[in-house]
Ligand SMILES: [Zn+2]
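See below:
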């Protein structure tokens, strides 16, 4: 798979990120390298091997429906770039 | 059908499951708490926090699936639905893509246009997912920051997706009404639309007969439907809008991508929502933080026994075993599980189903409405109401004296039938005594006698009040009959 600038632009726009043309070129190279690295897995012969949805051969780890302590609000908001002490504040978004 | 088209509707219903804690963490799901006080590293999406499935949410989803006649998956898994929005802190929603917990099913519901008949909606699937948070925007100017409350983030939702089997706005509303009734019977959700526990999106288009061919208009998804009435109105509006749009442009399905429109309840119109620059691309993939879930036969059996009687089964039972009319059975069943239990309790205490049904629909429901009570708050216990109705059946007192007893019971919750009868001075009236009373009344009211002789039987009604004043135990119907006989023979 060859990653193009268009692919990177699309992924960036889905992530609400904007890049300059030179940044795009740089990122296309970097992301392309990552994809190539992962693509080495395709060399493994997987014929006749059942697909798994998870690498661990375990299932059904459940917890009881019990309420635990929550974070104090000031801690919950602590890492936010902007808050009013009650809410996370983000630049205006209209519509969804 | 007077319009030259067929409306085709499919509904997506999001139901919040009644768990104590969230789907993947132990934060509470209580509505209305102070903002951002029901959050933890898991539902805030902080790095390194790991989700763990809530067993109760799984049980409730299976129960719902069974009641909706769905195939329950033996293995189900979790996927990430990726999109960026400020109220989705992880940048993805944990949902189910290709292996939903509940597969195909169906729901039968009363046909709103043919009493006693039913309609069927087939279901594509019902899957579990976590809810997003809430955004509050600066609606007026759109300039101030948006405020984000993440209390709701991670609350368990079951998304129930129907096939486009509905053919009218009224049918859509009837399906939703039955679905909500079923879910409240099951107790899997409170279905409170004001609090967002039940949310509806509608997909709608038209099949138009034109020049011997069937033409489909582009599918529109309607959002922001905050009540069943809104669903009905929006679908009616949207059908007409699509028809006139087709007449103007001739656009058919495939000419444009699926459009999303929002319902403006005050204006009574659907309005286009801002088109996304890119068509949605959620890039689903299996969530590596969560392992698959196997559902065993033992779990299925437990869920099945928790399902109990559905509204449909109640309606059938009341008609078959107690000979109620379809309409009456539906009124009782539609009042909810607690009302049905009350009804059943009164039946086992000897009340006859028909008299009970009539008293429930009139006196009981009126009293509930007037006092804004639910049946569980109703002060007359089922066995007490039954004792009254049995006494009426036995001829111990008539219906109108029965109403006095009913009121007595309401006023004095600790009383019983014996006390009420004694206090109200209820006694059966001797036939000769009653005839004498009627004779006197007629003698005092020659005008009424004349009216009746001319064929105006209604005049007799004016005698009931004075008769009751003389003896509160008289049976109004009997007074009418006797007076008529006396007029025929003696006047
Ligand atoms: Zn949490």
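Chains as they are written, first to last, in the numbering used here: chain A, 15 to 110; chain B, 47 to 537.
Backbone N, C-alpha and C define an ideal beta-carbon position, used for all residues, glycine too.
Item                                                                                                           : Value
Beta-carbon proximity check, residue 41/B vs residue 180/B, cutoff 8 Å                                         : Given that chain B is displayed from residue 47 to residue 537, the structure contains no residue 41/B and the question cannot be resolved.
Chain A contact residues for residue 83/B, given Cβ-Cβ distances below 9 Å                                     : 84, 85, 86, 87 and 90
Distance between residue 299/B and residue 87/A (C-alpha atoms, nearest Å)                                     : 49 Å
Residue 326/B, enclosing beta strand (DSSP E) - first and last residue                                         : Premise fails: residue 326/B is in no beta strand (DSSP E) and is neither H nor E.
Proximal residues to residue 110/A (C-beta, below 7 Å), its chain only, five neighbours per side dropped       : Bear in mind that the predicted position of residue 110/A carries a pLDDT of just 41, short of 50, making it unreliable; the figure below should be weighed with that in mind. Within the same chain, residue 110/A has no close Cβ partners at all.
For residue 231/B and residue 383/B, believed in contact at Cβ under 8 Å, the rounded distance                 : 5 Å
Contact between the stretch 92-110 of chain B and the stretch 268-281 of chain B (3+ Cβ pairs under 8 Å)       : no
For residue 370/B, the nearest candidate out of 247/B, 162/B and 410/B (CA to CA)                              : 162/B
Short Cβ contact (8 Å threshold) for residue 29/A with residue 424/B                                           : no
Proximity test, residue 200/B beta-carbon vs ligand 1 heavy atom, cut-off 7 Å                                  : yes
Residues of the stretch 63-81 of chain A with Cβ closer than 7 Å to any Cβ of chain B, in chain order          : 67, 68, 70, 72, 73, 74, 75, 76, 77, 78, 79, 80 and 81
Contact between the stretch 59-66 of chain B and the stretch 43-59 of chain A (3+ Cβ pairs under 8 Å)          : no
Neighbourhood of ligand 1 [Cβ distance below 5 Å to any heavy atom], ordered by chain position                 : 71/B, 73/B, 86/B, 88/B and 89/B
Given residue 80/B as reference, the closest of 96/A, 104/A, 90/A and 107/A once Cα atoms are compared         : 90/A
Rounded Cβ spacing between residue 447/B and residue 519/B (contact assumed at less than 8 Å)                  : 6 Å
Within 8 Å, strictly: CB atoms of residue 361/B and residue 376/B                                              : yes
Candidates 440/B, 418/B and 373/B, of which the one nearest residue 160/B by Cα                                : 373/B
The beta strand (DSSP E) enclosing residue 494/B, as first and last residue numbers                            : Residue 494/B -> not in any beta strand (DSSP E); alpha helix (DSSP H) instead, spanning 492-499.
Test: residue 323/B CB closer than 8 Å to a CB of chain A                                                      : At residue 323/B the pLDDT is 46, less than 50, meaning the model places this residue with poor confidence and gives no usable figure here.
Three or more C-beta pairs below 8 Å linking the stretch 450-469 of chain B and the stretch 484-499 of chain B : no
Reference residue 405/B; option with closest CA among 169/B, 451/B and 363/B                                   : 451/B
Cβ-based neighbour list, residue 87/B, same chain, cut-off 7 Å, excluding 5 preceding and 5 following          : 95
Members of the stretch 165-190 of chain B that neighbour chain A once the beta carbon cut-off is set at 8 Å    : 181, 182, 183, 184, 188, 189 and 190
Against chain A: residues of the stretch 100-118 of chain B by CB proximity under 8 Å                          : 100, 101, 102, 103 and 104
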